[in-house]
Amino acid sequence: MEYIKWLADKYTVHIQKFDLQHQKLVEIINEVFNARINNVGQGIILNIIIQLNDYTKSHFMEEEALLKENQYPALETHKNEHAVFIAKVNGFIQEFHANALSLNDEMLEFLKNWLINHIMQTDKEYGAYLNERGIN
Ligand SMILES: [Fe+2]
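Quick note: the sequence shown uses the numbering used here, first residue 53, plus one each step.
As structure tokens, this is what we get:
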């Protein structure tokens, strides 16, 4: 089942490789959702969340590197948003390890809302800036 449906025209940031990476992030969040509705063990859910964390970190690093290379003016604000997300996901992982948390709606909603809002607002802002510099 799709917890988040990828809407290519709506979610595009007009940078092809980042669209593909965002789509992959949506897929991983959908995997978390499916793991929950299929009632799989906590260990499997933890593995998917670790995968989400790893993939997100490398995606953020790529975005930040390209923005830095192009002297993007709002880079610091953008980086701060990324850091908040990583801290939150790391918190989930720690709590899972400590068996103090099981996957709940609030977590899933946080993942979905953060990602979609970040793409729609913060990421979309770099699209035009990079396009003007010949990056698509
Ligand atoms: Fe971003």
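Beta carbons: idealized from backbone N, C-alpha and C, even for Gly.
| field | Beta carbon nearer than 7 Å to a non-hydrogen atom of ligand 1 | value | Phe112, Glu115, His130, Glu133, His134, His170, Thr174, Asp175
| task | Could you tell me whether any non-hydrogen atom of ligand 3 is closer than 8 Å to the CB of Gln146? | result | The model on display carries ligand 1 but not ligand 3.
| Taking the C-alpha atoms as reference points, what is the distance between Ile168 and His111? | 15 Å
| task | Can you have a look at Gln73 and say buried or exposed, based on whether 16 or more other CB atoms are within 10 angstroms of its CB? | result | buried
| Exposed unless 16 or more other CB atoms sit within 10 angstroms - verdict on Met159 | buried
| request: Tell me whether Thr77 is buried or exposed, calling it buried when 16 or more other Cβ atoms sit within 10 Å of its Cβ. | output: Position check: residue 77 holds Leu in this sequence, whereas Thr was assumed. Buried, since its Cβ has 16 or more Cβ neighbours within 10 Å.
| task | Could you pull the start and end residues of the alpha helix (DSSP H) that Lys109 belongs to? | result | 94 to 121
| task | Whole angstroms is fine: what's the gap from Val4's alpha carbon to Glu83's? | result | Residue 4 lies beyond the stretch modelled for the chain, which goes from 53 to 188, so this question has no answer here.
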